[in-house]
Amino acid sequence: MQYIADILVQGSNGWPIAIVEVKNRLNLTRDVAIALRQSRLIHSLLPQVPYFLLLSQDTGYLWKQLEQPSFDAPPVLDFPMDNVIRRYSVSINTTERLRGPELELLVLRWLNYLTWMSQDAAHEPEKSLAQTGFLAAIQGASVLLDEPLGMAI
36 MQYIADILVQ GSNGWPIAIV EVKNRLNLTR DVAIALRQSR LIHSLLPQVP
86 YFLLLSQDTG YLWKQLEQPS FDAPPVLDFP MDNVIRRYSV SINTTERLRG
136 PELELLVLRW LNYLTWMSQD AAHEPEKSLA QTGFLAAIQG ASVLLDEPLG
186 MAI
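Quick note: the sequence shown uses the working numbering, first residue 36, plus one each step.
In structure tokens form, the structure reads like this:
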């Protein structure tokens, strides 16, 4: 079985920089996010990459992967997604819950922008993401949708 990333951020050298999972469920709390990541790690479904993002319409969570990841590690950053949704939902009614594919495309646009924007982030959550090293890590990267990753399990 191969892991399919909702969105993969890949460096120019072909190596993955970040795996992004888009789960637009209500009440994606910190504890639920930790449990979702933990489940993927326990079942060896989450390849080792520098960053892992779990995003909903409401909240985003970022983990910086370590050499030996802790299954129950909290994210290094959690942030509201409302600014991102507002800026990138040109033709989407944001008063209603977005469907999964709508949110994935919106996140794809946002991440593509982040790969070429200047490091002087003026807005949140980009300011906080810059402080974690995430923005610098993805400069010049490619952002791919529904990308198979790693060796067969």
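Built from N, CA and C at the ideal position, the CB exists for glycine as well.
Check your understanding: If you follow the beta strand (DSSP E) that Leu88 is part of, which residue opens it and which one closes it?
Key -> Residues 86-90.
| task | Just confirm the distance between the C-beta atoms of Ile52 and Val84, as a whole number of angstroms; I'd bet it's less than 8 Å. | result | Yes, Ile52 and Val84 are in contact; Cβ-Cβ is about 7 Å, under 8 Å.
- Query: Does DSSP put Ser177 in a helix, in a strand, or in coil?
  - Reply: It is a strand residue.
**Study point:** Chain-order list of residues whose beta-carbon lies under 7 Å from that of Gln73 (same chain, five-residue window excluded)
**Key:** Result list for Gln73: Phe106, Asp107, in chain order.
- Item | Which listed residue (Leu180, Asp181, Ile173, Phe169) has its alpha carbon closest to that of Lys99 | Ranking Leu180, Asp181, Ile173, Phe169 by Cα distance to Lys99 puts Phe169 first.
- Just the C-alpha distance for Leu112 and Tyr96, rounded to the nearest angstrom, thanks. Taking the straight line from one Cα to the other gives about 6 Å.
So, for Gly46: in the same chain, excluding its five sequence neighbours on each side, which residues have a beta-carbon less than 6 Å away from its beta-carbon? Exclusion of the five residues before and after Gly46 leaves Ile52, Ala176 as the residues of its chain whose Cβ lies within less than 6 Å of its Cβ.
Close beta carbons around Tyr148, own chain, < 6 Å, minus the five adjacent residues each side: Its chain contains no residue whose beta carbon lies nearer than 6 Å to that of Tyr148 once the 5 sequence neighbours on both sides are disregarded.
query = Is Tyr86 near Ala171, with beta carbons less than 9 Å apart?
reply = For the 9 Å CB-CB criterion, Tyr86 and Ala171 do not form a contact.
Pro136 by DSSP, collapsed to three states: which one? Note: Pro136 maps to helix in three-state DSSP.
Closest to Met116 by C-alpha separation, out of Leu71, Pro110, Thr94, Gly135, would be which residue? Among Leu71, Pro110, Thr94, Gly135, the Cα nearest to that of Met116 belongs to Thr94.
Item to check | Residues bridged to Ile69 [DSSP beta-bridge criterion] | outcome: Partner(s): none; Ile69 has no beta bridge.
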